Every structure is written in C-alpha cells, then in structure tokens.
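Colleague: Protein chains in written order, with our numbering: chain A, 14 to 204; chain B, 14 to 204. Shown below is the structure under consideration.
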C-alpha cells in the first residue's frame, strides 16, 4: 500500500526503484481506528500525514466549546498543522480519523533529512504546497463572499466524494453550520 | 535594487554570482504608481510579483459591490492569484498598488523554465509556499474563531507595520469591517 505514496510522488518527479526504496524508509505506515486522535491540542504536531486509505479531519474547539472542522483529507492528501509541524510549536488543533485510516507519516527531522538526501523531492513538495496555498487563497474568498447556502453548494459540487463519505454533522462543522441548518439546506436543494 | 530579491533567495539557497546573473534574467523590474492596477478581475494572472518597495493589495468586488481586501504584500513578500497563475484561468481578483511600488515580476512560463534550469530554486519556492500555506491555515482558524475585535487586535499585534503604512479604510476592508466600526474599535483600544 506504500505504492500509493510512490504513485503520488511520481505524478511530479521520476524516481528509480533504488531511490524509492531509500525514500520509503523515512516514512512509517500507521493505522488509526475510527475517531482515534492522531494529534491533540497542546501537543507539538511532529508528523505530516499522507492518507493511503480513509479520511482524516482537522478541527479546533472554538470559544463556544464547539468542534470547528477546518480541513478534511482523503486518499492522496496530506494533512498536518503546518505551522506547528514546521516550527515545533504547540498546536491549537486536533487531527482525528473520521473512518479507519491508513497513513504514511513522516516526522519533521525525517522530512528535512529526506529533502536533504533527495533534493528532487523539493519539486514534489513545492507543487503540493503551491496547490494547497492556491486552494486556500480561493477558500478565503469563498468564506468572505458566499452566503451559507452558496458555501454548501460550492462544497457539494467541488467535493462530491466528501458528501458521500463524511457524516452530516462533520460537513456542518466544516461549513460552520448547525446540523439543523444543513438539513434545511439539503431539503431545499432536493425539492 | 534587484539585490533585495537575491538576498531573499539566499535566505534559503546558496547562489554563485554566475547563477544569480542567470536567474535575474527571468525577472522584469517594473514600477507601478499608487492605485495602479497590476491585475484586473477577468484577466489571466500571468505574473507573480515580488515586492521590492511599497505595498500591494489583492481584493475582489463582493456581491454587495464592495471591495474586499484579502491580502497585502510589503517588501520581500510575493503576491499573485496563485490559482490563476498556475492554471492560466481568469482571476476573480484585482491586484493594486497601495503606495508607489517596485516589483520583480516573473511570468508563468519563465517561472517554470527558471525552476527547470535552476532546480535549486525548488527549495526556495517550497519554503515560500510552505510558510504561506501554514499562515493561511492559521488565518482560517482566526476567521472562524475570533470576534471582530479580536481579529483587529491580532492583526495589529502580528502586523504592526501594516497598521502604520496602510490607510484605515483598507485595513477595514481586509478585516471585513466598515471603516466606522474600525474607528470605534481603535477608540476603545486607545481609551
């Protein structure tokens, strides 16, 4: 199953078998149970997680004590608190398995050594972060500009797989809705 | 003044003089007048802009017809609509000079050729996008979690230089406040 990561790297860079065999040693394959936390608020987010199977979500507990989901990651997506991961600071977030999850995880020191030893992966991570940043710039526009109903429709059109796989209350948490409000919008869309 | 870009690249990678002399040919130094638009909504954002002197802002016209500022860039910051820049799609944004601005700008094809010819710059751009993405992940948390007053205080503590240099109505536009509401918060902070 590590082959999933190899295939993803090879979308951006060519690797020999020998290179891959070295690269994979920097990663650890780990399984998490449904609802298991990979990271808790207050910890240092020491790893970056590449999802091989399942879904992760990232959330924080807001000032009202409610879980606010800020990101999901399905197969072939990376997820971490990048700020905590890079700076070794404590995270404000939780990362949790929405379904049983298999990840390839890489620790910060291993990530830096990996890039040092295999500089061709700089291109891979440059492309990954570039795409992620582009998407987040757009997301900020959506948050400011879209009505709550528009946000739902944009999300359901652009990420139909999430709607199928993620429980309703987590979709509501991502869109900053109450579950009741989400049901109402969905009823309106169907009718 | 191109030396500003050289110094910034050298924070992340070592360059020989010969390399720098080649690299700089991919960039064009351009001056813009105060309030001049570098990019208009509906255009393809063909360049990425590195600010040597002055301030840029990025904004869109929201559904109420009001300018909503989403980003500022001062000296040593990059600014573009990354999605439009990468994909050659039309942008929803404007990029405008807040003050008279000097930039080093690089076109998409030149950016890709530059990385092809000088792969050591992959590390530079990986680090730039990584930091930008980390900051934007945090910003989404702030937008969801902070009261409007907290947003102002966070902004004024983390970016004091902007408060000094950027006109009040643009700070208000960035924080999604009316100028009147911003004045009210400032009055409260001072008293």
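No residue lacks a Cβ here, since even glycine has one placed at the ideal position from N, Cα and C. These numbers come from a predicted model, not from an experiment.
Apart from the five residues on each side of it in sequence, which residues of its chain come closer than 6 Å, Cβ to Cβ, to residue 140 (chain B)?
Modeller: Excluding residues within five positions, the ones whose Cβ falls inside 6 Å are 25.
Colleague: Is the beta carbon of residue 85 (chain B) less than 7 Å from the beta carbon of residue 175 (chain B)?
Modeller: Yes. Within cutoff.
Colleague: Which residue's Cα is closest to the Cα of residue 69 (chain A): A:78, A:58, A:93?
Modeller: Ranking A:78, A:58, A:93 by Cα distance to residue 69 (chain A) puts A:93 first.
Colleague: Just tell me which of A:158, A:75, A:114 has its CA closest to the CA of residue 76 (chain B).
Modeller: Out of A:158, A:75, A:114, A:158 has the C-alpha closest to the C-alpha of residue 76 (chain B).
Colleague: At the level of alpha carbons, what is the spacing between residue 83 (chain A) and residue 153 (chain B)?
Modeller: The straight-line gap from Cα to Cα measures roughly 7 Å.
Colleague: What's the gap between the Cα of residue 133 (chain B) and the Cα of residue 23 (chain B)?
Modeller: For residue 133 (chain B) and residue 23 (chain B), the distance between alpha carbons rounds to 11 Å.
Colleague: Determine the DSSP secondary structure at residue 73 (chain A), reduced to helix, strand or coil.
Modeller: Strand at residue 73 (chain A).
Colleague: As a quick exercise: from B:151, B:59, B:146, pick the residue whose alpha carbon is nearest that of residue 123 (chain B).
Modeller: When only C-alpha atoms are compared, the closest one is B:59.
Colleague: From the DSSP output, which residues share a beta bridge with residue 119 (chain A)?
Modeller: Partner(s): A:61.
Colleague: Any idea what DSSP makes of residue 30 (chain B), helix, strand or coil?
Modeller: The answer is helix: DSSP assigns residue 30 (chain B) an H, G or I state.
Colleague: Rounded to the nearest angstrom, what separates residue 186 (chain B) and residue 196 (chain B) at their Cα positions?
Modeller: In a straight line, the C-alpha of residue 186 (chain B) is about 13 Å away from that of residue 196 (chain B).
Colleague: Could you tell me whether the segment 27–36 of chain B touches the segment 94–101 of chain B, where touching means 3 or more Cβ pairs closer than 8 Å?
Modeller: Result no; under three Cβ-Cβ pairs closer than 8 Å.
Colleague: Which residue comes first and which comes last in the beta strand (DSSP E) that contains residue 159 (chain A)?
Modeller: Premise fails: residue 159 (chain A) is in no beta strand (DSSP E) and is neither H nor E.
Colleague: Residue 149 (chain A) and residue 104 (chain B) - do their beta-carbons sit closer together than 7 Å?
Modeller: For residue 104 (chain B) and residue 149 (chain A), no; Cβs fall outside 7 Å.
Colleague: Please say whether residue 129 (chain A) and residue 135 (chain B) have beta carbons closer to each other than 7 Å?
Modeller: Taking 7 Å as the Cβ cut-off, residue 135 (chain B) and residue 129 (chain A) do not qualify as a contacting pair.
Colleague: Can you check whether the C-beta of residue 143 (chain A) is within less than 7 Å of a C-beta belonging to chain B?
Modeller: Yes, contact with chain B.
Colleague: Per DSSP, which residues does residue 91 (chain A) bridge with? Please list them.
Modeller: In DSSP, residue 91 (chain A) forms a bridge with A:63.
Colleague: Under a three-way DSSP split, which group does residue 50 (chain A) fall into?
Modeller: Strand at residue 50 (chain A).
Colleague: Contact criterion: CB-CB distance below 7 Å. Does residue 158 (chain A) meet it with respect to chain B?
Modeller: Yes, because at least one Cβ of chain B sits closer than 7 Å to the Cβ of residue 158 (chain A).
Colleague: So residue 231 (chain B) packs on residue 45 (chain B), CB below 8 Å; how close in whole Å?
Modeller: Here chain B has residues from 14 to 204 only, and residue 231 (chain B) is not among them.
Colleague: Less than 7 Å separating the beta-carbons of residue 17 (chain A) and residue 57 (chain A)?
Modeller: Against a cut-off of 7 Å, the Cβ pair of residue 57 (chain A) and residue 17 (chain A) comes out as no contact.
Colleague: At a Cβ threshold of 7 Å, is residue 197 (chain A) touching chain B?
Modeller: No, because no Cβ of chain B sits closer than 7 Å to the Cβ of residue 197 (chain A).
Colleague: So, is residue 127 (chain B) buried or exposed, given that buried needs 16 or more other C-beta atoms within 10 angstroms?
Modeller: Label assigned to residue 127 (chain B): buried.
Colleague: What are the start and end residues of the alpha helix (DSSP H) that includes residue 19 (chain A)?
Modeller: Note, residue 19 (chain A): alpha helix (DSSP H), 16–22.
Colleague: With H, G and I counted as helix, E and B as strand and the rest as coil, what does DSSP make of residue 169 (chain B)?
Modeller: Helix, per DSSP.
Colleague: Looking at chain B, which residues of the segment 96–121 of chain A have a Cβ within less than 9 Å of any of its Cβ atoms?
Modeller: Residues passing the 9 Å Cβ filter: 96, 97, 98, 99, 100, 105, 106.
Colleague: What did DSSP end up calling residue 104 (chain A) once you bin it into helix, strand or coil?
Modeller: Coil.
Colleague: Near residue 62 (chain B), which residues of its chain fall below 8 Å by C-beta distance, leaving aside the five closest residues on each side in sequence?
Modeller: Here the set comprises 51, 69, 86, 91, 92, 93, 108, 116, 117, 118.
Colleague: Could you compute how far the alpha carbon of residue 160 (chain B) sits from the alpha carbon of residue 204 (chain B)?
Modeller: Each residue's Cα considered, the two are about 19 Å apart.
Colleague: Quick check on residue 170 (chain B) - is its C-beta less than 7 Å from some C-beta in chain A?
Modeller: Cβ-Cβ to chain A under 7 Å: no for residue 170 (chain B).
Colleague: Taking only the alpha-carbon atoms, compute the straight-line gap between residue 198 (chain A) and residue 151 (chain A) and give it to the nearest angstrom.
Modeller: Distance between the alpha carbons of residue 198 (chain A) and residue 151 (chain A): 23 Å.
Colleague: With respect to the alpha helix (DSSP H) encompassing residue 187 (chain B), which residues constitute its N-terminal and C-terminal limits?
Modeller: Where residue 187 (chain B) is concerned, the enclosing alpha helix (DSSP H) stretches over 181–188.
Colleague: Please compile the residues from chain B whose C-beta is within a distance smaller than 7 Å of the C-beta of residue 52 (chain A).
Modeller: The premise fails here: residue 52 (chain A) is roughly 13 Å from chain B at the closest Cβ pair, so nothing lies under 7 Å.
Colleague: List, in chain order, every chain B residue whose beta-carbon is nearer than 8 Å to that of residue 153 (chain A).
Modeller: By Cβ distance, chain B contributes 83, 149, 152, 153, 156.
Colleague: If you draw a straight line from the C-alpha of residue 71 (chain B) to the C-alpha of residue 188 (chain B), how long is it?
Modeller: Each residue's Cα considered, the two are about 13 Å apart.
Colleague: If distances are taken between C-alpha atoms only, which option among A:202, A:131, A:180 comes closest to residue 48 (chain A)?
Modeller: Cα-wise, what sits closest to residue 48 (chain A) is A:180.
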